[in-house]
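Enquirer:
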Amino acid sequence: MRSVISLEIVARGEGWLLINKPPGVSVHNDPRDVVHILEKQLIPGTFEGIHPVHRLDKETSGLLLLALNTRMAKELAEQLQARSCEKYYFALLRGSMPITEEWQNWNTPISDKAEGRNNPQGLAKDRVEARTDFKVIKSDQYTSLIEVKLFTGRQHQIRKHAALAKHAILGDTRYGDPKFNKRIAEIYKTDRMFLHAGKLKISISGKEHTFEAPREF
0 MRSVISLEIV
10 ARGEGWLLIN
20 KPPGVSVHND
30 PRDVVHILEK
40 QLIPGTFEGI
50 HPVHRLDKET
60 SGLLLLALNT
70 RMAKELAEQL
80 QARSCEKYYF
90 ALLRGSMPIT
100 EEWQNWNTPI
110 SDKAEGRNNP
120 QGLAKDRVEA
130 RTDFKVIKSD
140 QYTSLIEVKL
150 FTGRQHQIRK
160 HAALAKHAIL
170 GDTRYGDPKF
180 NKRIAEIYKT
190 DRMFLHAGKL
200 KISISGKEHT
210 FEAPREF
């Protein structure tokens, strides 16, 4: 993927920033990650630091909330830990699934560690409660588009639950089938993973916010 030199800012408030992260960009721990890009992009003196307050995999696109000072980082982290915010995603899955108006859920316990396609659940001793609600929006003979609501935030949760349901996310190199992913990359002319953080509902400093990012697929 091409190098990213600036990021789309969706919203900004006192001590916080919301971006629309492209796929293929790490949040942190990389010389070309979100934190480093924003440190160069934002005007010096307008922030104390840049603190990602929730997870978003490198391969995942969409809404990412960051604090610009330690006080706001603490406030937002408490909101997320208390599960008082709502996070919605869109994912394109392998295989045909029946379209549904009602929310369904995957609740298989999984580990909170990065795993692999041979055992997405992880070791039995590491498994913890996990709940992923979803609705099937579109479906054809080969793929299904779902909307997802997270109730827990385990590492790779949506990716693991989809793989365990035998409907791995298209382009997921960790939990999906390599041969199928190669074919998908040829068809769609992209090597991205089809998982997008599309909507976030959260209270910031006592004010309720609903943010949305355009669907990418």
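Numbering (numbering that gives the first Met the number 0), first residue to last: 0 to 216. For each residue, glycine too, the CB sits at the ideal point set by N, CA and C. Since the model is a prediction, treat every value here as computed from it, not as a measurement.
1. Which same chain residues end up closer than 6 Å to residue 68 when comparing Cβ atoms and leaving out the 5 residues on each side of it in sequence?
2. Examine the ligand FMN and report whether any of its heavy atoms sits within less than 8 Å of the Cβ of residue 165.
3. Write down every uninterrupted run of the alpha helix (DSSP H) in the stretch 139 to 179 whose length is 4 residues or greater and which is fully enclosed by it, in chain order.
4. In the DSSP assignment, what are the bridge partners of residue 32?
5. In terms of alpha-carbon separation, which member of 213, 206, 215, 202 lies closest to residue 85?
6. From what residue to what residue does the beta strand (DSSP E) around residue 11 run?
7. Do the stretch 88 to 99 and the stretch 110 to 123 touch if we need at least three Cβ pairs shorter than 8 Å?
8. In this structure, how does DSSP classify residue 100 when only helix, strand and coil are distinguished?
9. Tell me residue 53's beta-bridge partners as DSSP assigns them.
10. Going straight from the alpha carbon of residue 79 to that of residue 129, what length do you get?
Expert: Put simply:
1. Start at 1 with the first residue of the sequence shown, and residue 68 comes out as number 69. Excluding residues within five positions, the ones whose Cβ falls inside 6 Å are 14, 47.
2. Judged by which ligands are present, the structure shown has none, so any question about the ligand FMN falls away.
3. Those alpha helix (DSSP H) runs which fall completely within the stretch 139 to 179 and span 4+ residues are 156 to 163.
4. Locating residue 32 in the sequence shown gives position 33, where the first residue counts as 1. None, per the DSSP bridge assignment.
5. Here residue 85 refers to the residue found at position 86 of the sequence shown. For residue 85, the nearest C-alpha among the options comes from 202.
6. The residue you call residue 11 lines up with position 12 of the sequence shown. Segment 7 to 12, the beta strand (DSSP E) holding residue 11.
7. no
8. Taking the first residue of the sequence shown as 1, we reach residue 100 at position 101. Reduced to three states, the DSSP call for residue 100 is coil.
9. For this step, residue 53 is matched to residue 54 along the sequence shown. Looking at the DSSP assignment, residue 53 forms no beta bridge with any residue, so it has no partner.
10. What you label residue 79 is simply residue 80 of the sequence shown in a count that begins at 1. What you label residue 129 is simply residue 130 of the sequence shown in a count that begins at 1. Roughly 15 Å between the two C-alpha positions.
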